[in-house]
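Novice: Heads up: the sequence lines are chains A and B, in that order. Quick note on the working numbering: the first sequence kicks off at 1 and runs consecutively. Quick note on the working numbering: the second sequence kicks off at 1 and runs consecutively. C-beta atoms are modelled at their ideal positions from N, C-alpha and C, and glycine is treated no differently.
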Amino acid sequence: MHKCERCSSPATVHITEILGEGKFEEHHLCEGCAQKYFQDTQGKGAGSKALTAEPVSELDEALFGQQECPDCGIKFVDFRNNHRLGCSRDYDVFRAELMPLLENIHGETRHCGKTPRNFPKNKQAEAEMTQLRQRLKRAVDREDYEEAARLRDQLKTLEEA
Amino acid sequence: MNLDSMTHSSGEWLRAFGPEADIVISSRIRLARNLSSFPFTNRANTHQKAEIETYLKARLEKLEFDPRLVYLTLANLTPLDRQLLVERQLISRELANSEGPRGVAVAPNEIISVMVNEEDHIRLQVIRSGFTLDEAWQDADRLDDKLEERVPYAFSEELGYLTACPTNVGTGLRASVMLHLPALVLIKQIEKVFRALQKINLAVRGLYGEGSRASGDFYQISNQVTLGKSETTIINEIRDVIPQIITYERQARQTLTRENHAQVLDRVKRAFGVLKNAAMMTSEETMDLLSSVRLGVNLGLIDDININEVNDLFIHTQPAHLQKILGKELDSEERNSERARFLRDRLREIDGNMN
Chain A
1 MHKCERCSSP
11 ATVHITEILG
21 EGKFEEHHLC
31 EGCAQKYFQD
41 TQGKGAGSKA
51 LTAEPVSELD
61 EALFGQQECP
71 DCGIKFVDFR
81 NNHRLGCSRD
91 YDVFRAELMP
101 LLENIHGETR
111 HCGKTPRNFP
121 KNKQAEAEMT
131 QLRQRLKRAV
141 DREDYEEAAR
151 LRDQLKTLEE
161 A
Chain B
1 MNLDSMTHSS
11 GEWLRAFGPE
21 ADIVISSRIR
31 LARNLSSFPF
41 TNRANTHQKA
51 EIETYLKARL
61 EKLEFDPRLV
71 YLTLANLTPL
81 DRQLLVERQL
91 ISRELANSEG
101 PRGVAVAPNE
111 IISVMVNEED
121 HIRLQVIRSG
131 FTLDEAWQDA
141 DRLDDKLEER
151 VPYAFSEELG
161 YLTACPTNVG
171 TGLRASVMLH
181 LPALVLIKQI
191 EKVFRALQKI
201 NLAVRGLYGE
211 GSRASGDFYQ
221 ISNQVTLGKS
231 ETTIINEIRD
241 VIPQIITYER
251 QARQTLTREN
261 HAQVLDRVKR
271 AFGVLKNAAM
281 MTSEETMDLL
291 SSVRLGVNLG
301 LIDDININEV
311 NDLFIHTQPA
321 HLQKILGKEL
331 DSEERNSERA
341 RFLRDRLREI
351 DGNMN
C-alpha cells in the first residue's frame with residue numbers, strides 16, 4: 001500500500017499531526033524513519049509543531065472525528081490515515097463524514113444494484129451473531145469460561161443454520 | 001491442485017481466445033464482499049482472521065458450483081508459488097505479500113478465484129479470454145448467489161455491499177477489460193485515449209493492476225464508480241466504450257502499415273532477432289519485445305511464430321514461471337541469463353516446427 005515518504009520501504013507508522021484550527025498533517029513512514037521523525041520533533045522541543053499545537057476545542061474534536069466505533073474501535077481520523085474502515089458499522093457511526101465523501105467519489109449516495117436474496121432474513125441472524133460475538137469476547141475477558149463455552153455453542157448453531 | 005502443472009499452459013487470461021482476441025486479451029469481473037459479523041480484514045486480529053478463513057474455506061469447498069473450487073491456504077505456499085499465482089492473475093500482489101491467515105479458492109480451469117482476507121473478506125473474480133464481460137458477469141453473479149446462500153454478507157439497503165474502502169461500496173463491482181494496444185502506443189495517441197476515458201470516469205491501469213506499469217503495451221480499463229448504478233449499467237458503460245478503442249487501435253495499425261511499413265517491419269524483425277539471440281534479458285525488455293512481435297504476427301508481418309506461442313512466452317518468461325519451469329530458485333541476474341536462454345531455446349524449437 002503506502003510507501004514511506006522518506007525512503008521506499010513500506011510505511012508501517014501512520015502519524016496525524018494535529019495543527020489546530022481544523023488542520024492536520026499526515027505522515028506515512030517506515031519504522032526506521034518514524035523513529036527519526038519522533039527524535040527530530042522532540043529535539044526541536046518547544047519549537048515543534050506537534051508540541052506547540054493549540055489545545056483542541058470541542059468543535060475541533062468533532063471535526064477530527066474523535067468519536068470511536070463501539071464495534072471495531074477506530075476513529076474517523078484512523079480512516080483518514082489508512083483509507084480503510086474497520087467494520088461495516090463504521091458506515092453508520094461515521095455517516096456524517098462519509099456521506100459527502102461518497103458523493104464525491106461516486107456522485108451518488110444510494111445503492112441501486114443487486115440485493116442479497118436472503119436479505120433481510122439474514123439481517124436478524126447477523127445482528128444476533130454480532131451481539132453473541134461481543135458477549136463472548138466480554139465473557140472471555142472476565143474469564144467466565146462456562147458462559148463463553150455456552151455462547152460459542154450458540155454461535156455455532158447460528159452459523160450452521 | 002498441482003501448481004507445478006500450471007506452468008505447462010498460459011492460464012485463462014492469456015489464452016487470448018474469443019471475440020476480438022487480437023486486441024482484447026481478457027475480461028474480468030471482481031466482486032468485493034464482507035462477512036457482517038467480523039471486523040474488516042485490516043482491523044481483524046490473527047485469531048479473527050483464522051476464524052474467517054476457516055469459516056469461508058469450509059463453505060467455498062462445499063459450494064455446489066460447477067466447476068468445483070479448490071482452496072489454497074497461502075500460509076502453506078512458498079513465496080515462489082504465491083508469486084506464480086500473482087503472475088497468473090489468480091491473486092493480487094497485496095494478498096501474496098500480506099501476512100496472517102489468508103487464501104484463495106480456485107477453479108482448476110483458472111476462470112474463477114475467490115480470495116479470502118484480502119482488503120475485503122471476500123474478493124470474488126471471474127476472468128475470461130477475449131471480449132466476454134457479459135459471460136464473466138453471469139458466472140460471477142451465479143457464484144455470488146451460491147455463496148450468499150451460505151454466508152451472511154455485510155449489506156445495507158441504502159449503501160449496498162459494505163466494503164473496507166468506500167471506493168468499492170455499493171455493488172462492490174470492478175469490471176475490467178485488458179487490451180493490447182501497441183499501435184496506439186507507437187503512434188503516440190495512447191495518452192489521448194486515456195484522457196477521454198478518464199473524462200467518463202473510467203480508470204486505466206497496467207498489467208498487474210493498481211500502480212503497475214503498462215509493460216508489454218497491456219492496459220486494463222475499468223470502472224471507478226461502484227455506488228448508485230446497477231451492475232449491468234456499470235458493465236454496459238465499459239462494454240460500450242471498448243469497441244471504440246478497438247477501432248482506434250485498428251486504425252492506428254492501418255496507419256502504421258500504410259505510412260510506416262518499413263519502420264514497423266524493422267521493429268518487429270529486430271524484436272524477434274533480439275529475442276532469438278540475446279544473452280541477458282530482463283522481464284520488462286522481454287514484454288516490450290514480445291509486444292512488438294505480437295503486433296507483427298497480427299499484422300501478418302512475421303510468420304515464424306503463431307499468436308498462441310507468443311502469448312505463452314509472455315507468461316512463461318515471468319520471474320516465478322521461469323523459476324518453476326527450470327525447477328530452481330534464481331536471483332535476478334541468473335534469471336536474466338536463464339530467461340534469454342529459455343527464449344533462444346523456445347524460439348529455435350518453434351522455428352524448427354515451422355520449417
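At which residue ranges does the stretch 199-270 of chain B contain complete alpha helix (DSSP H) runs of 4 or more residues, listed in the order of the chain?
Specialist: 231-259
Novice: Just to confirm, are G103(B) and L74(B) a CB contact at a threshold of 7 Å?
Specialist: To locate residue 103(B), count along the second sequence from 1; it is residue 103. To locate residue 74(B), count along the second sequence from 1; it is residue 74. Yes.
Novice: Helix, strand or coil: which one does DSSP assign to Q125(B)?
Specialist: Along the second sequence, one-based indexing puts residue 125(B) at 125. Here DSSP, grouped into helix, strand and coil, assigns Q125(B) to strand.
Novice: Please go through the same chain and pick out, in chain order, the residues whose beta-carbon is closer than 6 Å to the beta-carbon of C4(A), but skip the five residues on each side of it.
Specialist: For the purposes of this step, residue 4(A) is taken as the residue at position 4 of the first sequence. Cβ neighbours of C4(A) beyond the five flanking positions: A11, L29, C30, C33.
Novice: On the DSSP letters alone, give me the boundaries of the alpha helix (DSSP H) that R174(B) sits inside.
Specialist: Here residue 174(B) is taken as the residue at index 174 of the second sequence, counted from 1. Premise fails: R174(B) lies in the beta strand (DSSP E), 173-180, not in any alpha helix (DSSP H).
Novice: Does the stretch 165-177 of chain B touch the stretch 215-224 of chain B, meaning 3 or more C-beta pairs lie closer than 8 Å?
Specialist: yes
Novice: Run down chain A in chain order and give the residues with a C-beta less than 7 Å from the C-beta of L159(B).
Specialist: Taking the second sequence and counting its residues from 1, the one referred to as residue 159(B) is at position 159. Simply Y91, H111.
Novice: Determine the contact status of A164(B) and D120(B), defining contact as a CB-CB distance below 7 Å.
Specialist: For the purposes of this step, residue 164(B) is identified with residue 164 of the second sequence, where counting begins at 1. For the purposes of this step, residue 120(B) is identified with residue 120 of the second sequence, where counting begins at 1. Taking 7 Å as the Cβ cut-off, A164(B) and D120(B) qualify as a contacting pair.
Novice: List, in order along the chain, the chain B residues whose C-beta lies closer than 7 Å to that of S88(A)?
Specialist: The residue given as residue 88(A) occupies position 88 in the first sequence. Here the neighbours are N34, S36, A154, L162.
Novice: Between T109(A) and R88(B), what straight-line distance do the alpha-carbon atoms span, to the nearest angstrom?
Specialist: Stepping through the first sequence from its first residue, residue 109(A) is reached at position 109. Stepping through the second sequence from its first residue, residue 88(B) is reached at position 88. Approximately 36 Å between the Cα atoms of the pair.
Novice: Using 10 angstroms around the beta-carbon of K49(A), count the other beta-carbons present and answer buried if the total reaches 16, otherwise exposed.
Specialist: Translated into the one-based positions of the first sequence, residue 49(A) becomes position 49. Confidence at K49(A) is low in this model, with a pLDDT of 39, below 50, so the placement of that residue should be treated as unreliable; the coordinate-derived value is given next. The residue in question, K49(A), is exposed, as its Cβ has fewer than 16 Cβ neighbours within 10 Å.
Novice: Does R95(A) get closer than 7 Å to chain B when you measure Cβ to Cβ?
Specialist: Indexing the first sequence from 1 puts residue 95(A) at position 95. No, R95(A) lies away from the interface with chain B (no Cβ there is under 7 Å from its Cβ).
Novice: Residues in the stretch 215-234 of chain B with C-beta within 9 Å of chain A's C-beta atoms, listed in sequence order?
Specialist: Q224, V225, T226, L227, G228, K229, S230, E231, T232, T233, I234
Novice: For N117(B), which option in Q83(B), E51(B), F342(B), D66(B) has the closest C-alpha, if you only look at C-alpha atoms?
Specialist: Translated into positions along the second sequence, residue 117(B) becomes position 117. Considering only alpha carbons, the answer is E51(B).
Novice: Against C72(A), what residues of chain B qualify as contacts under a CB-to-CB distance less than 7 Å, listed in chain order?
Specialist: Along the first sequence, read from residue 1 onward, the residue named residue 72(A) stands at position 72. Result: P39, R43.
Novice: Could you tell me if F280(B) is buried or exposed, where buried requires 16 or more neighbouring beta carbons within 10 angstroms of its beta carbon?
Specialist: The sequence position of residue 280(B) within the second sequence is 280, counting from 1. Note that residue 280(B) corresponds to Met in the displayed sequence, not to Phe. Around the beta carbon of M280(B), fewer than 16 other beta carbons lie within 10 angstroms, which makes this residue exposed.
Novice: Measuring straight from C-alpha to C-alpha, what distance separates A21(B) and H180(B)?
Specialist: Here residue 21(B) is taken as the residue at index 21 of the second sequence, counted from 1. Here residue 180(B) is taken as the residue at index 180 of the second sequence, counted from 1. Computed Cα separation, rounded: 9 Å.
Novice: Are the stretch 233-245 of chain B and the stretch 274-293 of chain B touching by the rule of at least three beta carbon pairs closer than 8 Å?
Specialist: no
Novice: Who are G170(B)'s beta bridge partners in DSSP?
Specialist: Sequence index remark: in the second sequence, residue 170(B) carries index 170 (1-based). Residue pairing of G170(B) in beta bridges, as defined by DSSP: Y161(B).
Novice: Can you tell me which of the three DSSP states M115(B) falls into?
Specialist: In the second sequence, counting from the first residue as 1, residue 115(B) sits at position 115. M115(B): strand per DSSP, three-state reduction.
Novice: Using a Cβ cut-off of 9 Å, pull out every chain B residue sitting near F76(A), in sequence order please.
Specialist: Start at 1 with the first residue of the first sequence, and residue 76(A) comes out as number 76. Correct list: empty, because the minimum Cβ distance to chain B is about 12 Å.
Novice: Taking the continuous beta strand (DSSP E) assigned at S26(B), which residues delimit it?
Specialist: Along the second sequence, read from residue 1 onward, the residue named residue 26(B) stands at position 26. First-last of the beta strand (DSSP E) with S26(B): 24-33.
Novice: Report whether the distance from the Cβ of H261(B) to the nearest heavy atom of the ligand NAP is below 6 Å.
Specialist: No copy of the ligand NAP appears in this structure; indeed no ligand is present at all.
Novice: Going by the beta-carbon positions, is the gap between A140(B) and V151(B) smaller than 7 Å?
Specialist: Translated into positions along the second sequence, residue 140(B) becomes position 140. Translated into positions along the second sequence, residue 151(B) becomes position 151. No, they are not a contact pair.
Novice: Quick test of your reading: S291(B) and P182(B), contact by CB under 8 Å. State the CB separation rounded to the nearest angstrom.
Specialist: The residue given as residue 291(B) occupies position 291 in the second sequence. The residue given as residue 182(B) occupies position 182 in the second sequence. With 8 Å as the limit, S291(B) and P182(B) qualify as a contact, their Cβ atoms being about 5 Å apart.
Novice: Report the three-state DSSP secondary structure of S332(B) (helix, strand or coil).
Specialist: Indexing the second sequence from 1 puts residue 332(B) at position 332. In this structure, S332(B) counts as helix in the three-state DSSP scheme.
Novice: Report the partner residues of S5(B) according to the DSSP bridge assignment.
Specialist: Your numbering for residue 5(B) matches position 5 in the second sequence. S5(B) pairs with nothing; no bridge assigned.
Novice: Enumerated in chain order, which unbroken segments of the alpha helix (DSSP H) with a length of 4 residues or greater are wholly contained in the stretch 93-143 of chain A?
Specialist: 95-106, 121-141
Novice: Expressed to the nearest angstrom, what Euclidean distance is found between the alpha-carbon atoms of P67(B) and A107(B)?
Specialist: As a first step, residue 67(B) is located in the second sequence; it is residue number 67 there, counting from the start. As a first step, residue 107(B) is located in the second sequence; it is residue number 107 there, counting from the start. Computed Cα separation, rounded: 6 Å.
Novice: How is the alpha helix (DSSP H) around G296(B) delimited, first residue to last?
Specialist: Along the second sequence, read from residue 1 onward, the residue named residue 296(B) stands at position 296. Its alpha helix (DSSP H) spans residues 283-298.
Novice: Measure the CB-CB distance between L35(B) and K146(B) and report whether it falls below 7 Å.
Specialist: Position 35 of the second sequence, counted from the first residue, corresponds to residue 35(B). Position 146 of the second sequence, counted from the first residue, corresponds to residue 146(B). Going by C-beta atoms, L35(B) is not nearer than 7 Å to K146(B).
Novice: Would you say I105(A) lies against chain B (beta-carbon separation less than 7 Å)?
Specialist: For the purposes of this step, residue 105(A) is taken as the residue at position 105 of the first sequence. Yes, contact with chain B.
Novice: List the whole-angstrom C-beta distance separating R15(B) from S113(B), where the pair is believed to meet the contact cut-off of C-beta under 8 Å.
Specialist: Here the question's residue 15(B) lines up with position 15 in the second sequence. Here the question's residue 113(B) lines up with position 113 in the second sequence. Not really, about 16 Å apart at Cβ, beyond 8 Å.
Novice: Going by CA-CA distance only, name the one from F218(B), E259(B), D144(B) that's closest to L289(B).
Specialist: Residue 289(B) sits at position 289 when you count from the first residue of the second sequence. Each of F218(B), E259(B), D144(B) was checked against the Cα of L289(B), and the nearest Cα belongs to F218(B).
Novice: For H83(A), which residues in chain B fall below 8 Å Cβ to Cβ?
Specialist: Working through the first sequence from its first residue, we reach residue 83(A) at position 83. Ordered by position in chain B, the residues that pass the 8 Å Cβ test against H83(A) are C165.
Novice: Counting only Cβ pairs nearer than 7 Å, list the residues of chain A close to E135(B).
Specialist: Counted from its first residue, the second sequence places residue 135(B) at position 135. Here the premise fails: no neighbours, minimum Cβ distance about 17 Å.
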